[in-house]
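Colleague: Pasting a structure here, questions to come.
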Amino acid sequence: MKGICWGIGNGHRVRAWLDNWINGDSLRGMIKGPLRQGDQGLTVADLYHDHEWRWDLLSFELPNSIKNKVKVVPIQLFGNRIDSIMWKYSKDGDFSTNSAYLLANEDSVTENQFQGQWLWKLDVLPKIISFLWLCVHGSVPVKSVLAGRGINCSKTYTLCSRHEETIIHLLRDCEVARDLWFRLGVPTSHINSFNENFETWLKINRLSTVRHNTCIPWSTLFVFAVGVCGRIGINWCLKTTFRIPGWIKTVLFKQGNIFSP
């Protein structure tokens, strides 16, 4: 559990490799490579015996820098010598709600950081950027998202009636979307990107320097094609009418209307 570390008493309760006992960190986290069978059961009591560190019990020859960290770990030599659980984010080892709040807030910031910042640098219509941002964040109200939020609905995509309605299925993986991409003509060098995860797929194609066979930048065609696929799927699911008056023509000459009602 994050935030928990050990204060060493007799060392019998503390696993030498896996537990956080070296200034709040584990020995395993400092070393790369496989452990020997049975190493996970090695305790600090096994490793520290008769006031000496038994380095020969370890699977690795530890660097002196790590040995020095181990040597300065406080170990009780007198008293009850009971291993104690401590809170690593406070100076005295005692848990505090303030430090826990700071830790939770830090985790939240880390989890919310993702590589989609590049979206805001795109030179396209703001509403297209906003749509892509919602897609990457999983905030477009497709059925899988709605079901995940507790709404009682079928997850099946209405347009194909075969697969779960996710944003990647709606924009790329559905046979209907695949047909649209095929008719548009994805550059050969970018075909493999259609097997990547959603954000990687977006980034590879939107930052592409390749030109389409119409001599138009592929990155330009791609982003508007994503919008058209999204509008087709969303309008279909809402039971409204959407006509495609020529695929390339729609993409090139009706850019401003792709996301309009």
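Under full-length UniProt numbering, think of the first position of the sequence shown as 1, with each following residue one higher.
Even for Gly, the Cβ is constructed at its ideal location relative to N, Cα and C.
Thinking just about the alpha-carbon of each residue, which of His51, Gly9 and Glu61 is nearest to the one in Asp83?
Modeller: Measuring from the Cα of Asp83, the nearest candidate turns out to be Gly9.
Colleague: Given a threshold of 16 other Cβ atoms within 10 Å of its Cβ, counted over all protein chains shown, does Thr209 qualify as buried or as exposed?
Modeller: exposed
Colleague: Look up Gly227 in the DSSP assignment and say whether it is helix, strand or coil.
Modeller: helix
Colleague: Note down the Cα distance separating Gly227 from Ala147, rounded to an integer number of angstroms.
Modeller: 23 Å
Colleague: Could you say if the region 208-222 and the region 182-190 meet the contact criterion of at least three C-beta pairs nearer than 8 Å?
Modeller: yes
Colleague: Compare the Cα-Cα distances from Trp53 to each of Val70, Asn64, Ser65 and Met86 and report the closest residue.
Modeller: Val70
Colleague: Sorted by chain position, which residues of the same chain lie with C-beta nearer than 6 Å to Leu134's C-beta, five sequence neighbours on each side aside?
Modeller: Val140
Colleague: Give the list of continuous beta strand (DSSP E) stretches no shorter than 3 residues that lie fully inside the region 48-94.
Modeller: 84-87
Colleague: Pick out whichever of Val223, Leu180 and Ala177 has its Cα sitting closest to the Cα of Leu202.
Modeller: Val223
Colleague: Can you name the start and end residues of the alpha helix (DSSP H) that Cys135 belongs to?
Modeller: Unbroken alpha helix (DSSP H) run through Cys135: Pro126 to Val136.
Colleague: Buried or exposed: where does Lys143 fall if 16 or more other Cβ atoms within 10 Å of its Cβ makes it buried?
Modeller: buried
Colleague: Could you check where the alpha helix (DSSP H) with Gly11 kicks off and where it finishes?
Modeller: Neither: Gly11 is in no alpha helix (DSSP H) and is coded neither H nor E.
Colleague: Hey, how far is the Cα of Trp17 from the Cα of His49?
Modeller: 16 Å
Colleague: Suppose only complete runs of 4+ residues qualify. What are the alpha helix (DSSP H) ranges in the region 133-177, listed by chain order?
Modeller: 143-148
Colleague: Identify whether Thr43 lies in helix, strand or coil by the three-state DSSP scheme.
Modeller: Judged by DSSP in its simplified three-state form, Thr43 adopts strand.
Colleague: Just to confirm, is the Cβ distance from Leu62 to Asp46 under 8 Å?
Modeller: no
Colleague: Thr166 to Leu77, Cα distance in whole Å?
Modeller: So the alpha carbons of these two residues sit roughly 60 Å apart.
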